[in-house]
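> Once you've had a glance at the structure underneath, I'll fire off some questions.
2 protein chains.
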Amino acid sequence: MAYTKKEAFDVDTVALANLAKALSHPARIAILRLLAQRQSCICGDIVAELPLSQSTVSQHLKELKQAGLITGDIDGPRVCYCLNVKQWQIARTYFEKLFTDLNSCTSQNCC
Amino acid sequence: MAYTKKEAFDVDTVALANLAKALSHPARIAILRLLAQRQSCICGDIVAELPLSQSTVSQHLKELKQAGLITGDIDGPRVCYCLNVKQWQIARTYFEKLFTDLNSCTSQNCC
DNA sequence: AATATCAATCGTATATTTGCGATAAACAAT
DNA sequence: ATTGTTTATCGCAAATATACGATTGATATT
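Structure follows, in structure tokens:
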């Protein structure tokens, strides 16, 4: 019994779902906003800004990194996290395509 | 030990995260596209189109309904599902605000 | 009234997510 | 070399998510 039948859906749908999943936690959105807000890239200052433990924040960062939405460059003992602009443009395109597709449904047949 | 510390984040962040969570499964995105594609609203035809059981599809529909993204009107023995255009506009606004905020980070200080 | 159809819900199994403390790994500075 | 700082990872506990079959409830149809 598989947890998620991702194989049964087309690649673009799965890709969008994965991007949405990366955004599906308040902490991760907060992290992204922090990274955008501060001009300089942040490492562990993120931990100080969030109401979560260091290990938990590290996990969220890992997920964002796996989704390709941020990068993490090692800088001595610290790690500098930044938004990955390229991946963000891809994500934006995915979401906007979805919104456009859904907007074409303005016929209002029944509901 | 709480599952998610949603209380610790501001309302808009949680709202966006919840919308993203509704989109975080391929089946739910497929359902939304189906509803947009077909001019007429679909009830259980969705089940026929998806590689999932009736009960599983019903659960996904419930989640989309709880997120306010679709409506379900009872029509005799059937149920007619439709996109909720108003909520979709709200969702679109949330996501586009995020994208705009993140785009302001083009300083490229380190990464 | 009996039957058939459709969709929601229940019960259950399994996988994943979230969260934290503790530990480990990497590096800097003494 | 030792120590301190920073971050990733491990191990665990609890909550959720996904999926399905079986059942229930509602409505048509006969």
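Residue numbers (the UniProt record's numbering), protein chains in the order written: chain U, 1 to 111; chain R, 1 to 111.
Each residue gets a CB set at the ideal place from its N, CA and C atoms; glycine is no exception.
Quick test of the definition: if touching needs 3 or more C-beta pairs under 8 Å, does the region 93-108 of chain R touch the region 22-36 of chain U?
yes
> Count the other C-beta atoms from every protein chain shown that fall within 10 angstroms of the C-beta of U/A48, then say buried if there are 16 or more, exposed otherwise.
exposed
> Along chain R, which residues have their Cβ under 7 Å away from the Cβ of U/K21?
S24
> Would you please verify whether the beta carbon of R/K5 is less than 9 Å from any beta carbon of chain U?
yes
> Rank U/K6, U/R28, U/P26 and U/A22 by C-alpha distance to the C-alpha of R/A30 and give the top, closest one.
U/K6
> In three-state terms, what does DSSP make of R/L83?
strand
> Show which residues of chain R have a CB atom less than 7 Å away from the CB atom of U/K13.
Looking at the sequence shown, residue 13 of chain U is not Lys but Thr. Going along chain R in sequence order, the residues near U/T13 (Cβ under 7 Å) are P26, I29 and A30.
> I want to verify the contact list: residues of chain U whose CB lies under 7 Å from the CB of R/Q92, in sequence order.
Rather than Gln, the amino acid found at residue 92 of chain R in this sequence is Arg. Here the neighbours are F99.
> Report yes or no: do three or more beta-carbon pairs, one from the region 9-20 of chain R and one from the region 63-73 of chain U, lie closer than 8 Å?
Verdict: no, contact absent.
> Could you pull out every residue in the same chain whose Cβ sits closer than 7 Å to the Cβ of R/W88, ignoring the five residues on either side in sequence?
L69
> Using a Cβ-Cβ cut-off of 8 Å (strictly less than) and excluding sequence neighbours within five positions of R/V79, which residues of its own chain qualify?
C43, G44, G72 and D73
> Determine, using beta carbons only, whether R/S58 comes closer than 9 Å to chain U.
no
> Please go through the same chain and pick out, in chain order, the residues whose beta-carbon is closer than 6 Å to the beta-carbon of R/C82, but skip the five residues on each side of it.
Excluding five sequence positions before and after R/C82, the CB atoms of its chain that fall closer than 6 Å to its own CB belong to C41 and T71, given in chain order.
> My assumption, with CB atoms under 8 Å, is that U/P26 sits in contact with R/V14. Please give the rounded CB distance.
5 Å
> Rounded to whole angstroms, what is the Cα-Cα separation between U/D75 and U/I46?
Cα-Cα distance, rounded: 16 Å.
> Cβ closer than 7 Å: which chain U residues qualify as neighbours of R/P51?
K5 and A8
> Going by alpha carbons, who is nearest to R/S58 out of R/R28, R/V85 and R/K86?
R/R28
> Restricting to Cα atoms, I'd like to know which of R/T93, R/S24, R/T56 and R/D10 is closest to U/T100.
R/T93
> Between R/Q66 and chain U, is any beta-carbon pair separated by less than 9 Å?
no
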